[in-house]
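In case it helps, UniProt numbering puts the sequence shown at residues 273 to 642.
Here the structure is laid out as structure tokens; the discussion comes afterwards.
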Amino acid sequence: PEAITVGELANRMAERGADLVKALFKMGSPVTLTQTIDQDTAELLVTEFGHRIKRVSESDIDIQSTEDVDAPETLQPRPPVVTIMGHVDHGKTSLLDALRGTDVATGEAGGITQHIGAYQVTVKDGSKITFLDTPGHEAFSEMRARGANITDIVVLVVAADDGLRPQTIEAINHTKAAGVPMIVAINKIDKPEAKPQKVREELLQHEVIVEDMGGDVQDVEVSALKKTNLDALIEKIQLQAELLELRANPDRDAEGTVVEAKLDKGRGPVATILVGRGTLRVGDVFVVGAESGKVRALIDDKGRNVKEAGPSTPVEVLGISGVPGAGDPLTVVENEARAREVAAYRAGVIQQKRTTAAPASLESMFSALR
Ligand code: GDP
Ligand code: MG
């Protein structure tokens with residue numbers, strides 16, 4: 273439906289109608305319970321109350337969003353977002369660094385990279401892959417709990433000389449719970465004591481069945497140290513990404529997620545945003561968590577100033593009122609007054625520490641609002 277009454281929306285959200293009316297009043301829309309509100313307002317309310325509209329279509333699971341569904345004809349292919357997980361010392365950082373070294377777009381800047389919590393590699397064929405420099409398993413599941421499902425593919429790193437360890441199993445569980453496809457990188461294959469087949473057998477015990485064992489989980493033996501087989505890993509990521517048919521609409525106001533944020537001495541609050549859909553541009557007015565702002569500058573993972581960032585692109589954003597939290601959504605809005613209003617409202621909501629509705633009601637919310 274195009275419109276919904278405030279009372280009905282309150283019912284679906286399992287919130288008190290009076291609270292919605294109050295919220296709408298604060299947002300500048302004085303309405304009563306029996307009056308209808310448009311879809312945009314309804315969705316904004318849903319967000320403000322901490323409910324997240326769950327996407328049900330498979331191709332949409334990657335997009336964390338609270339707004340309308342983009343029309344199919346507006347969707348264009350976007351790069352996969354990959355998170356590397358695994359037990360400590362199994363080589364996550366080494367593998368990330370090695371993969372970063374395969375970037376063909378770095379060119380003259382060669383090696384002059386900065387840490388922004390995520391980076392994008394341009395592969396030989398010109399396609400791109402975004403890697404999240406992970407925040408760790410806890411942050412991964414916390415982000416997921418908040419509805420920020422920003423990872424398309426998990427690369428599980430297992431050291432071939434050590435096998436499955438507690439954090440490996442934890443990573444497997446998180447990945448399964450998130451419903452994200454996994455590729456296993458059996459690392460440290462250069463070591464004489466490496467036992468890759470043993471790793472495959474151990475994985476079997478945790479119901480991760482690699483292709484060699486008759487399953488459909490891709491695996492690849494690599495050495496992050498010697499840079500062995502990185503091309504094969506990249507190919508498998510691309511293959512998996514193709515199967516996922518990842519798409520997003522680049523031609524709309526941007527929505528994204530905070531990957532990390534900090535207060536920089538010289539530059540003020542800085543957040544690394546992973547753009548989910550739309551294109552974020554210098555000058556855009558936005559709300560991010562309980563903060564707001566206007567994009568003063570965008571800096572890519574190679575330290576370059578850029579004018580815009582499209583879907584799956586990680587970018588540093590300057591011009592924020594304060595430091596948002598990791599996992600906070602960023603939404604471009606029409607003007608600064610609106611941005612401040614929503615941010616102030618969210619700050620209030622956060623303070624009240626509202627509880628969220630059960631997932632079951634979110635499902636029905638989704639179908640009601642689409
Ligand atoms: P993380 O804790 O998972 O991020 O692991 P690191 O990337 O920090 O690696 C832990 C240790 O393993 C470091 O001493 C690395 O040099 C070493 N290491 C990582 N990858 C390899 C590899 O492919 N072969 C060998 N021999 N050592 C590796
Ligand atoms: Mg590390």
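Ideal Cβ positions, reconstructed from N, Cα and C, are used throughout, including at glycine.
Bear in mind that the values here come from a model prediction, so they are computed numbers and not experimental data.
query = In its own chain, which residues sit with a C-beta less than 6 Å from the C-beta of A611, not counting the 5 before and 5 after it?
reply = Taken in chain order, the residues that qualify are V557, V559, S564, V605.
query = Which residues in the same chain as K534 place their Cβ atom closer than 7 Å to its Cβ, once the five residues preceding and following it in sequence are excluded?
reply = For K534, where only same-chain residues beyond five positions count, the Cβ hits under 7 Å are V542, V595.
inquiry  = Residues around ligand 1, please: the condition is that the C-beta lies closer than 6 Å to some non-hydrogen atom of it.
reply    = Qualifying residues, in the order they occur: G358, V360, D361, H362, G363, K364, T365, S366, N459, K460, D462, K463, S495, A496, L497.
message = Buried or exposed for T402, going by 16 or more other Cβ atoms inside 10 Å?
response = It counts as buried.
request  = Assign H362 to buried or exposed, taking buried as 16 or more other Cβ atoms, counted over all protein chains shown, within 10 Å of its Cβ.
outcome  = A buried status is given to H362, since no fewer than 16 other beta-carbon atoms sit within 10 Å of its beta-carbon.
inquiry  = Taking the alpha helix (DSSP H) that V480 belongs to, which residues open and close that run?
reply    = Careful: V480 lies outside any alpha helix (DSSP H) and carries neither H nor E.
ask   = For the putative contact between V456 and V489, defined by C-beta atoms under 8 Å, what is the C-beta separation to the nearest angstrom?
value = V456 to V489, Cβ: 6 Å. Contact.
request  = Please list the segments of the alpha helix (DSSP H) lying wholly inside the stretch 501 to 557, counting only runs of 4 or more residues, in order along the chain.
outcome  = The stretch 501 to 557 contains these whole alpha helix (DSSP H) runs: 502 to 516.
query = Do A450 and S366 have their C-beta atoms within less than 7 Å of each other?
reply = The answer is no: Cβ separation not under 7 Å.
ask   = Is the stretch 465 to 478 touching the stretch 425 to 435 in the sense that three or more CB pairs, one from each, lie closer than 8 Å?
value = They touch, by the three-pair rule.
query = What do you get for R350, buried or exposed, if any count of 16 or more other CB atoms within 10 angstroms of its CB means buried?
reply = Residue burial is scored here from C-beta neighbours: R350 has at least 16 other C-beta atoms within 10 angstroms and is therefore classed as buried.
ask   = Based on Cα-Cα distance, which residue from E588, V530, P583, D573 lies nearest to T346?
value = Answer by Cα proximity: P583.
Identity of the residues DSSP links to V426 by a beta bridge = Note: V426 sits in a beta bridge opposite T355, M454.
inquiry  = Can you tell me whether A343 is buried or exposed? The criterion is at least 16 other CB atoms within 10 Å of its CB, across all chains shown.
reply    = Exposed is the label assigned to A343, since fewer than 16 other Cβ atoms lie within 10 Å of its Cβ.
query = Does the Cβ of L511 have 16 or more other Cβ atoms within 10 Å, making it buried, or fewer, making it exposed?
reply = L511 comes out exposed.
request  = For the beta strand (DSSP E) holding A275, just list the boundary residues, first then last.
outcome  = Here the beta strand (DSSP E) through A275 covers 275 to 277.
task = Tell me whether the beta-carbon of G561 lies closer than 7 Å to the beta-carbon of D600.
result = Against a cut-off of 7 Å, the Cβ pair of D600 and G561 comes out as a contact.
query = V353 and I422: beta carbons closer than 7 Å?
reply = Their beta carbons are under 7 Å apart, which means V353 touches I422 by this criterion.
key: Pairwise C-alpha distance: T440 and G528   = Straight-line Cα distance between these residues: approximately 29 Å.
inquiry  = I'd like to confirm the pairing. Which residues does DSSP put opposite Y617 in its beta bridges?
reply    = None; Y617 has no bridge partner.
request  = Identify every residue that forms a DSSP beta bridge with V587.
outcome  = Answer is I545, bridged to V587.
request  = Use the C-beta contact count for residue 261: other C-beta atoms within 10 angstroms, 16 or more gives buried, fewer gives exposed.
outcome  = Lying before the first or after the last residue shown, residue 261 is absent from the chain, which here runs from 273 to 642.
ask   = So, using beta-carbon positions, are E280 and F321 closer together than 7 Å?
value = At the C-beta level, E280 and F321 stay beyond 7 Å of one another.
query = Does DSSP put G289 in a helix, in a strand, or in coil?
reply = Reduced to three states, the DSSP call for G289 is helix.
Chain-order list of residues whose beta-carbon lies under 8 Å from that of V492 (same chain, five-residue window excluded) = Closer than 8 Å at Cβ, skipping near neighbours: I455, V456, A457, I458, N501, A504, L505, K508.
query = When you compare each of D462, Q348, K294 to E514 by their alpha carbons, which one comes out closest?
reply = Closest by C-alpha distance to E514, out of D462, Q348, K294, is Q348.
key: A314, buried or exposed, once every other Cβ within 10 Å from all chains shown has been counted against 16   = With 16 or more Cβ atoms within 10 Å of its Cβ, A314 is classed as buried.
task = Quick one: using the 10 Å Cβ neighbour count with 16 as the cut-off for buried, is V278 buried or exposed?
result = Answer is buried; the Cβ neighbour count reaches 16.
inquiry  = Taking the straight line between their C-alpha atoms, what separation do you get for L546 and A526?
reply    = In this structure, the CA atom of L546 is about 10 Å from the CA atom of A526.
Proximity winner among R519, K467, I481, relative to V494 (alpha-carbon distances) = Per the C-alpha coordinates, the member of R519, K467, I481 positioned closest to V494 is K467.
query = According to DSSP, is F297 helix, strand or coil?
reply = Three-state result, F297: helix.
ask   = Just the Cα atoms here: how many angstroms apart are E613 and A275?
value = The alpha-carbon of E613 is positioned some 23 Å away from that of A275.
request  = Would you tell me roughly how many angstroms separate the C-alpha atoms of L602 and V530, rounded to the nearest one?
outcome  = Spanning the two alpha carbons is a distance of roughly 7 Å.
inquiry  = Considering Cα atoms alone, identify which of L368, A282, N577, V360 is closest to K499.
reply    = Nearest of L368, A282, N577, V360 to K499, Cα basis: L368.
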